[in-house]
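Asks: Quick note: the sequence shown uses our numbering, first residue 32, plus one each step.
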Amino acid sequence: MSDDLVEFLRARLDEVAELAARCAGDDCGQWTAHGDSVDFCQMDLSGIHPTIAQHVAFHDPAHVLRDVEAKRRVLARHVLSPATGDPELPWDNRDDCQYDGDDWPCPDILDLALPYADHPDHPEQWRPQQMPTR
32 MSDDLVEFLR ARLDEVAELA ARCAGDDCGQ WTAHGDSVDF CQMDLSGIHP TIAQHVAFHD
92 PAHVLRDVEA KRRVLARHVL SPATGDPELP WDNRDDCQYD GDDWPCPDIL DLALPYADHP
152 DHPEQWRPQQ MPTR
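As structure tokens, this is what we get:
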């Protein structure tokens, strides 16, 4: 079994990290919301709903980069243990996750991929059958 889903996740995390790094600019600090505006350190974005302002500020580049790093750590722990060629074959000769022994891809990998389920490159065989609704 291939690790298409892991490669897909790494590519998405790289994209998110690259975008966050581009938005970080001069590393001025945390974005903050003030009523209907977001302070980006160098400029304010105003005239938006306060809830949206809080949401935008919450996703400041430093926060996003920490989130990407945490997801990369989870991804690094959960690796494919193929049934063939593995000196410690799983009892039922199935591909599994070396971290938790669950079928591959394990639930943690599937959960990491869920936010990207609508991405056109998401491997079809691992796409959720039913997309969560808003």
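Even glycine gets a Cβ: it sits at the ideal position worked out from N, Cα and C.
Starting from H86, trace the beta strand (DSSP E) both ways and give me its first and last residue.
Replies: Numbered from its first residue, the sequence shown carries residue 86 at position 55. H86 -> not in any beta strand (DSSP E); alpha helix (DSSP H) instead, spanning P81 to F89.
Asks: Is the stretch 132 to 149 in contact with the stretch 35 to 48, if contact means three or more CB pairs nearer than 8 angstroms?
Replies: They touch, by the three-pair rule.
Asks: Taking the C-alpha atoms as reference points, what is the distance between R97 and H153?
Replies: Here residue 97 is taken as the residue at index 66 of the sequence shown, counted from 1. Here residue 153 is taken as the residue at index 122 of the sequence shown, counted from 1. Using only the alpha carbons, I get a separation of about 23 angstroms.
Asks: Which residues in the same chain have their Cβ closer than 6 angstroms to the Cβ of A51, if we skip the five residues on either side of it in sequence?
Replies: For the purposes of this step, residue 51 is taken as residue 20 along the sequence shown, with counting starting at 1. Closer than 6 angstroms at Cβ, skipping near neighbours: P92, V95 and L96.
Asks: Near A48, what residues of its chain come up, given a Cβ to Cβ distance below 7 angstroms and the 5 sequence neighbours on each side ignored?
Replies: On the sequence shown, residue 48 is found 17 positions in, with the first residue counted as 1. Around A48: L96 and V99.
Asks: Relative to the ligand GDP, is the shortest distance from any of its heavy atoms to the C-beta of R41 smaller than 7 angstroms?
Replies: This structure does not include the ligand GDP; it has no bound ligands of any sort.
Asks: Let's see if you can read the secondary structure: which residues bound the alpha helix (DSSP H) around H94?
Replies: On the sequence shown, position 63 is the one that residue 94 refers to. Residues P92 to R108.
Asks: So, helix, strand or coil for C128, using DSSP?
Replies: Residue mapping note: residue 128 aligns to position 97 of the sequence shown, counting from 1. Strand at C128.
Asks: Between which two residues does the beta strand (DSSP E) holding L76 run?
Replies: Taking the first residue of the sequence shown as 1, we reach residue 76 at position 45. Start and end: D75 to S77.
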